[in-house]
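J.:
Numbering (this note's numbering), first residue to last: 8 to 294.
1. Determine contact between the stretch 124 to 132 and the stretch 148 to 161, defined as no fewer than three beta-carbon pairs at a distance below 8 Å.
2. Is the beta carbon of residue 111 closer than 8 Å to that of residue 79?
3. Please classify residue 168: is it buried, with 16 or more other beta-carbons within 10 angstroms of its beta-carbon, or exposed?
4. Taking 8 Å as the threshold (C-beta atoms), are residue 122 and residue 141 in contact?
5. In whole angstroms, what is the alpha-carbon distance linking residue 109 and residue 196?
6. Quick one: is residue 244 buried, meaning 16 or more other Cβ sit within 10 Å of its Cβ, or exposed?
7. Determine whether the Cβ of residue 40 lies closer than 8 Å to any Cβ atom of chain D.
8. Quick one: what does DSSP say residue 189 is sitting in, helix, strand or coil?
9. Thinking C-beta only, is residue 248 closer than 8 Å to residue 228?
10. For residue 143, which residues does DSSP report across the bridge?
11. Residue 206: which of 232, 187, 188 sits nearest, CA to CA?
12. Measure the Cβ-Cβ separation of residue 106 and residue 148 and say whether it is below 8 Å.
13. Of all the beta strand (DSSP E) runs that stay within the bounds of the stretch 228 to 267, which reach a length of 3 or more residues?
14. Could you tell me which residues DSSP puts in a beta bridge with residue 269?
Written out as structure tokens, the structure reads:
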């Protein structure tokens with residue numbers, strides 16, 4: 008009995024660490040119906056110059072995202088212990104500037120980061136340098152081939168929301184399935200429709216060091232599409248996402264060789280499955 012209680016407590020703590028960054032904006036971050044950064048108003052009014060996604064964000068991403076990064080390494084360790092499995096290799100999907108990869112390397116000696124943005128990968132390679140155990144590849148998470156399997160795959164920071172529809176989500180799951188060993192896990196987080204509705208028509212304001220930017224959100228409920236315009240001093244990036252919750256993930260995982268094991272959104276109640284702004288998922292490759 009005590010062993011079971013201990014496992015449950017470790018799992019609760021690991022989930023708490025994952026969810027903690029989602030509990031509220033970090034210092035210097037806030038939402039408002041109007042744009043409060045005067046240096047960005049001319050760029051916002053002009054709607055440009057137009058930048059490619061992450062062309063400008065890559066330069067501020069580390070300072071912005073580091074405070075909101077879930078503790079996936081601790082969660083993976085807890086999963087491995089609970090399942091009595093190994094955690095020797097991890098694929099960091101949509102790895103961005105490589106914030107998570109070095110942290111994953113502390114618990115798994117072999118980490119590969121994959122991202123579609125060369126700007127983000129350049130920052131990731133610069134961060135890691137010649138550190139053993141971390142490598143980076145350019146690729147689209149909807150269809151990639153690395154010719155190997157991993158003990159775990161991680162996709163952090165709501166990156167899966169960038170798929171265009173459920174078909175593309177199924178493509179991601181199929182690609183992940185080809186790169187997981189039998190019994191391996193795919194853990195990720197998503198933004199749900201509840202969150203996209205809540206922030207629609209608002210400006211998110213953020214300060215990264217001495218640099219500031221804002222994001223204007225619009226959500227089309229009929230089309231189930233979110234448009235986020237990132238306003239930077241150099242120009243405007245346009246990002247498009249769809250909401251993803253348990254219903255969408257459960258449908259998309261069918262027929263991919265993966266199984267949805269668990270999802271959660273409240274650390275206070277580890278198996279709480281109420282609708283929430285963000286959701287974490289554990290998907291396993293069938294043996």
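From the three backbone atoms N, C-alpha and C, an ideal C-beta is built for every residue, glycine too.
Since the structure is predicted, the reported quantities are computational estimates derived from the model, not experimental observations.
T.: In brief:
1. no
2. Locating residue 79 in the chain shown gives position 72, where the first residue counts as 1. Locating residue 111 in the chain shown gives position 104, where the first residue counts as 1. In contact: residue 79 and residue 111 (Cβ atoms closer than 8 Å).
3. As a working mapping, residue 168 is identified with position 161 in the chain shown. When all chains shown are included, residue 168 counts as buried.
4. Taking the first residue of the chain shown as position 1, residue 141 is located at position 134. Taking the first residue of the chain shown as position 1, residue 122 is located at position 115. Taking 8 Å as the Cβ cut-off, residue 141 and residue 122 do not qualify as a contacting pair.
5. Here the question's residue 109 lines up with position 102 in the chain shown. Here the question's residue 196 lines up with position 189 in the chain shown. Each residue's alpha carbon lies about 19 Å from the other.
6. Taking the chain shown and counting its residues from 1, the one referred to as residue 244 is at position 237. So residue 244 ends up on the buried side.
7. In the structure shown, chain D does not exist; there is a single protein chain.
8. Mapped onto the chain shown, residue 189 falls at position 182. In the structure shown, residue 189 sits in a strand (DSSP, three-state: E or B).
9. The count along the chain shown starts at 1 and reaches residue 228 at position 221. The count along the chain shown starts at 1 and reaches residue 248 at position 241. No, these two residues do not count as a Cβ contact at 8 Å.
10. Within the chain shown, residue 143 is the residue found at index 136, counting from 1. Paired residue(s): 120.
11. Position 199 of the chain shown holds residue 206. Among 232, 187, 188, the Cα nearest to that of residue 206 belongs to 232.
12. One-based indexing of the chain shown puts residue 106 at position 99. One-based indexing of the chain shown puts residue 148 at position 141. No, they are not a contact pair.
13. 232 to 239, 242 to 248
14. Indexing the chain shown from 1 puts residue 269 at position 262. Answer is 289, bridged to residue 269.
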